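Participant: Residue numbers (the UniProt record's numbering), protein chains in the order written: chain Y, 1 to 433; chain E, 1 to 411.
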């Protein structure tokens, strides 16, 4: 029966080519615009570490003085060196890492490569297992290296390809800012989207090329990228370890909710203790968001991207209303033909199914065209200058969603016209003819 | 014409679904169109905003040092660089700063009028300057004086910012003193007092992002050369027509003086025209997208009206024939379909105005947009009314050509 309906549908669609083209085009444009913007939104609001992100938390403390104090205020979004080191050394979490972004001038041994700046991350040993960083060659440095301010470095696969043509470079020497570092490991391809562990240098920034122990980088006064917030006597570039400034990110891994609750208590106790010591002045003000909570708090997904997605949904709605109107007009115009079919014994159900198949064909064609349009749309997005542009690719779930949306939408659009058209009374139609 | 409305309404009542759908489509189109065009207007209105600079003759160099150096060495290097640039043919003047208008990043700080104030009076962008800054940028000094060479101090990246003298923009002076004389007054920048020695007419902030919109032209210029291990910006003003040549010559001259430096391949040397281009790239992209969506929406709605009206005409060929046979002129038939369309699109437009306002309210709450200006609403209504009538005209003309003899035909 389906084959017969399909044949009828195709005949009917061929009869009025301009109208069919208009309906298909409207659906295709609506689907194309929608899927382009939804894909971008989907990519940008995704979970950077699925399965792991719920166990990663970002502790926030309030170490500021009473100047400008307002109860209920949010605590700073970074930590001081003192607090970071205290929490790191307390080791109360399953894993913990203290970090900041930076940039180092790299002086390759090969004379063929000019010196260049590379983005760096200064952090501590747990960074690599905690964020499940894939290691291609070698191994991460150890907590002992952190303590010893060791001149060791891990580099990204991309940098390894550039400097060492992709071979195992562990044990090689890398000169940065006139200091020789020993490469202990090479990362495999790794990009966190969003760049959740440090949002200071762009929410969708690429991951860094060089990873160094924070203690080493601080001792050598390597250049920092990030924001610094100070109070009281302000910052002191030579003594950032004691300056009343927040400038570091601190992440912990807590495997169970019970541990997270206990860690929050620990942070409150720590704040009280620091207040008793006179370092903190404000009442304890502690937060412990997980990765997704942290991204939400920072409103990481650009407002423009959300706005575009809503706009495209509105656009699709107009396209659908348009198609419903056209289909209704078309089906009603065929009342006579449908009357004949009813008189010849087709049930109301069968006529309804026949019309639904016709709208389904339009939806499917529109969906395929819309998919092609969204590929074009995503290609255009990738041409944009924003830091997330390169991420705009269609993935399998979005591909399936496109098809479901297209067919679902056009079936929905076909429901009302088909139902109205199959209400025809055969006798009346035949008589009027 | 009055006489026709009755029959039209009863005909519409018989085809409620079709009429409702067209009205709904027009309403949605109007709501989206008004808001989209309003967004376009908002994004584009900033694009031509003047920075206060002599933009046509300015380019900027981002200089990054390689290797270790003390802050004193870095400052000496920077001064030597400025001398090299100043001697280049075609160069009018050179200055160094931590940032420049439209760069997108830099130093913003709070301004207070009293030391014991709990919250800032306003935010402001802070530009570091030497005695060449105002002249190089081509700023117009409207009160007080420029910095003198003796005013300029040296500051390391994370030193405390405590200049005793500052120059402010007129926008900042007006915010702080509401039109009173600003020169000689004291403001508190990052907690330390500073006396205002001069006021410049106009100088834009480093960021054009929405969060910085509140203090877009509130700028304080401090007499300090900022030295940072990460590097610095040289701002160069050339004589008219010499920009391209000086942009080519400058990096080579700097490398010849000291090769231990880098210029980013994309961002290292930029003319101010390129700076402006980069700063507004995303706004222009959003405006283009909104424009395209609006155009396509209008096209689809017009095509939909043509399609549905054609079907109505086709459906009613016999009635049209009867009316023609009973003495209706072609004119009457055209008018009938146009008035019918006007009624449908008119009710759609009424609904659309409400929808547009609701959508705007939601955009204000959710995305911090501004209130929709009535002009955009009026323009949207006019466009859709005209478009609706134009789209219905061709099918209506076709209807008027139905011969009276059609009345006698079956079907």
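Where a beta carbon is used, it is the ideal one built from N, C-alpha and C, also for glycine.
Computed from a predicted structure; not experimentally measured.
#1: Can you tell me where the alpha helix (DSSP H) with residue 32 (chain E) in it begins and where it stops?
#2: For chain Y, is any of its Cβ atoms less than 8 Å away from the one on residue 77 (chain E)?
#3: Just verifying my parser: in three-state terms, what is the DSSP assignment at residue 337 (chain Y)?
#4: Along chain E, in chain order, which residues have C-beta atoms closer than 8 Å to that of residue 319 (chain Y)?
#5: Excluding sequence positions up to five away, which residues of its chain have a Cβ less than 7 Å from the Cβ of residue 411 (chain Y)?
#6: Where does the unbroken alpha helix (DSSP H) through residue 62 (chain E) begin, and where does it stop?
#7: May I ask you to report which of helix, strand or coil DSSP gives residue 173 (chain Y)?
#8: Which same chain residues end up closer than 6 Å to residue 201 (chain Y) when comparing Cβ atoms and leaving out the 5 residues on each side of it in sequence?
#9: Got a sec, what are the start and stop residues for the beta strand (DSSP E) residue 143 (chain E) sits in?
#10: Any beta carbon of chain E sitting closer than 8 Å to that of residue 315 (chain Y)?
#11: Taking only the alpha-carbon atoms, compute the straight-line gap between residue 258 (chain Y) and residue 50 (chain Y) and give it to the nearest angstrom.
#12: Taking the beta carbon of residue 240 (chain Y) as the centre, do at least 16 other beta carbons fall within 10 Å, making it buried, or is it exposed?
#13: In angstroms with no decimal places, state the Cα-to-Cα distance between residue 149 (chain E) and residue 231 (chain Y).
#14: Terminal residues of the continuous alpha helix (DSSP H) containing residue 265 (chain Y)?
#15: If we count Cβ pairs, one from each stretch, closer than 8 Å, do we get three or more for the stretch 95 to 110 of chain E versus the stretch 206 to 218 of chain E?
#16: With 8 Å as the threshold, decide whether the Cβ of residue 196 (chain Y) is near any Cβ in chain E.
#17: With DSSP as the reference, label residue 292 (chain Y) as helix, strand or coil.
#18: Measure the CB-CB distance between residue 213 (chain Y) and residue 152 (chain Y) and report whether it falls below 8 Å.
#19: Excluding the five sequence neighbours on either side, which residues of its own chain have a C-beta within less than 8 Å of the C-beta of residue 315 (chain Y), listed in chain order?
#20: Residue range of the beta strand (DSSP E) that residue 487 (chain Y) falls in?
#21: Under 8 Å between the Cβ atoms of residue 169 (chain E) and residue 217 (chain E)?
#22: Could you check if residue 354 (chain Y) is buried or exposed, using at least 16 other CB atoms within 10 Å of its CB as the buried criterion?
#23: Strictly below 8 Å CB to CB, what residues from chain E border residue 409 (chain Y)?
#24: Could you compute how far the alpha carbon of residue 250 (chain Y) sits from the alpha carbon of residue 59 (chain Y)?
#25: Could you please give me the residues that DSSP links to residue 167 (chain E) through a beta bridge?
#26: If we count the other Cβ atoms within 10 Å of its Cβ and call it buried at 16 or more, is residue 273 (chain E) buried or exposed?
#27: Out of curiosity, what's the CA-to-CA distance linking residue 292 (chain E) and residue 351 (chain E)?
#28: Could you confirm whether any beta carbon from chain Y is found closer than 8 Å to the beta carbon of residue 183 (chain E)?
#29: Between the C-alpha atoms of residue 36 (chain Y) and residue 295 (chain Y), what's the straight-line distance to the nearest angstrom?
#30: In terms of residue numbering, what span does the beta strand (DSSP E) encompassing residue 105 (chain Y) cover?
#31: Starting from residue 319 (chain E) and walking both ways along the alpha helix (DSSP H), at which residues does that stretch end?
#32: Could you run through the stretch 270 to 282 of chain E and flag, in chain order, every residue whose CB is less than 8 Å away from some CB of chain Y?
#33: In the DSSP output, what is residue 156 (chain E) paired with across the bridge?
#34: In chain Y, which residues lie with their C-beta within 8 Å of the C-beta of residue 94 (chain E)?
#35: Expressed to the nearest angstrom, what Euclidean distance is found between the alpha-carbon atoms of residue 450 (chain E) and residue 212 (chain E)?
#36: Report yes if the CB atom of residue 344 (chain E) is closer than 8 Å to the CB atom of residue 22 (chain E), and no otherwise.
Facilitator: Reading it off the structure:
#1: Residue 32 (chain E) sits at position 32 when you count from the first residue of the second chain. 16 to 47 is the span of the alpha helix (DSSP H), which, as asked, contains residue 32 (chain E).
#2: Within the second chain, the letter at position 77 stands for residue 77 (chain E). Chain Y, which has no Cβ nearer than 8 Å to the Cβ of residue 77 (chain E), makes this no.
#3: Along the first chain, one-based indexing puts residue 337 (chain Y) at 337. Three-state result, residue 337 (chain Y): helix.
#4: Here residue 319 (chain Y) is taken as the residue at index 319 of the first chain, counted from 1. Here the neighbours are 300.
#5: In the first chain, counting from the first residue as 1, residue 411 (chain Y) sits at position 411. 356, 359, 360, 363, listed in sequence order.
#6: By one-based count along the second chain, residue 62 (chain E) stands at place 62. Premise fails: residue 62 (chain E) lies in the beta strand (DSSP E), 58 to 65, not in any alpha helix (DSSP H).
#7: Mapped onto the first chain, residue 173 (chain Y) falls at position 173. Three-state DSSP puts residue 173 (chain Y) in a strand.
#8: The residue labelled residue 201 (chain Y) in the question sits at position 201 within the first chain. Only 101, 225 meet the Cβ criterion.
#9: Within the second chain, the letter at position 143 stands for residue 143 (chain E). First-last of the beta strand (DSSP E) with residue 143 (chain E): 141 to 144.
#10: In the first chain, residue 315 (chain Y) corresponds to position 315, counting from 1. It does; some Cβ of chain E falls within 8 Å.
#11: In the first chain, residue 258 (chain Y) corresponds to position 258, counting from 1. In the first chain, residue 50 (chain Y) corresponds to position 50, counting from 1. Roughly 20 Å between the two C-alpha positions.
#12: The residue given as residue 240 (chain Y) occupies position 240 in the first chain. The residue in question, residue 240 (chain Y), is buried, as its Cβ has 16 or more Cβ neighbours within 10 Å.
#13: On the second chain, position 149 is the one that residue 149 (chain E) refers to. On the first chain, position 231 is the one that residue 231 (chain Y) refers to. Going from the Cα of residue 149 (chain E) to the Cα of residue 231 (chain Y) covers about 31 Å.
#14: As a first step, residue 265 (chain Y) is located in the first chain; it is residue number 265 there, counting from the start. Where residue 265 (chain Y) is concerned, the enclosing alpha helix (DSSP H) stretches over 257 to 276.
#15: yes
#16: Taking the first residue of the first chain as 1, we reach residue 196 (chain Y) at position 196. No, no contact with chain E.
#17: Reading the first chain from its first residue, position 292 is the one you call residue 292 (chain Y). The answer is helix: DSSP assigns residue 292 (chain Y) an H, G or I state.
#18: Position 213 of the first chain, counting from 1, holds the residue named residue 213 (chain Y). Position 152 of the first chain, counting from 1, holds the residue named residue 152 (chain Y). Yes, Cβ-Cβ distance for residue 213 (chain Y) and residue 152 (chain Y) is below 8 Å.
#19: Your numbering for residue 315 (chain Y) matches position 315 in the first chain. So the qualifying residues of the chain are 29, 30, 33, 34.
#20: Chain Y is shown from 1 up to 433; residue 487 (chain Y) falls before or after that span and cannot be answered.
#21: For the purposes of this step, residue 169 (chain E) is identified with residue 169 of the second chain, where counting begins at 1. For the purposes of this step, residue 217 (chain E) is identified with residue 217 of the second chain, where counting begins at 1. In this structure, residue 217 (chain E) lies closer than 8 Å to residue 169 (chain E) by Cβ.
#22: To locate residue 354 (chain Y), count along the first chain from 1; it is residue 354. Classification for residue 354 (chain Y): buried.
#23: Walking along the first chain from the start, residue 409 (chain Y) turns up at place 409. The contacting residues do not exist; residue 409 (chain Y) stays about 15 Å from chain E at best.
#24: Locating residue 250 (chain Y) in the first chain gives position 250, counting from the first residue. Locating residue 59 (chain Y) in the first chain gives position 59, counting from the first residue. Whole-angstrom Cα-Cα distance: 7 Å.
#25: Residue 167 (chain E) sits at position 167 when you count from the first residue of the second chain. Per DSSP, E:198, E:221.
#26: For this step, residue 273 (chain E) is matched to residue 273 along the second chain. That one is exposed.
#27: Translated into positions along the second chain, residue 292 (chain E) becomes position 292. Translated into positions along the second chain, residue 351 (chain E) becomes position 351. Their backbone Cα atoms lie some 24 Å apart in a straight line.
#28: Translated into the one-based positions of the second chain, residue 183 (chain E) becomes position 183. Closer than 8 Å: no.
#29: Counting from 1 along the first chain, the entry for residue 36 (chain Y) is found at position 36. Counting from 1 along the first chain, the entry for residue 295 (chain Y) is found at position 295. In a straight line, the C-alpha of residue 36 (chain Y) is about 23 Å away from that of residue 295 (chain Y).
#30: Position 105 of the first chain, counted from the start, is the residue given in the question as residue 105 (chain Y). Residues 95 to 107.
#31: Translated into positions along the second chain, residue 319 (chain E) becomes position 319. Looking at the DSSP string, the run of the alpha helix (DSSP H) that includes residue 319 (chain E) is 317 to 325.
#32: 278, 281, 282
#33: The residue you call residue 156 (chain E) lines up with position 156 of the second chain. According to DSSP, residue 156 (chain E) bridges with E:227.
#34: Taking the first residue of the second chain as 1, we reach residue 94 (chain E) at position 94. By Cβ distance, chain Y contributes nothing, its closest Cβ being about 23 Å from residue 94 (chain E), past 8 Å.
#35: One cannot answer for residue 450 (chain E) here, as it falls past the ends of chain E, which runs 1 to 411.
#36: For the purposes of this step, residue 344 (chain E) is taken as residue 344 along the second chain, with counting starting at 1. For the purposes of this step, residue 22 (chain E) is taken as residue 22 along the second chain, with counting starting at 1. The answer is yes: Cβ separation under 8 Å.
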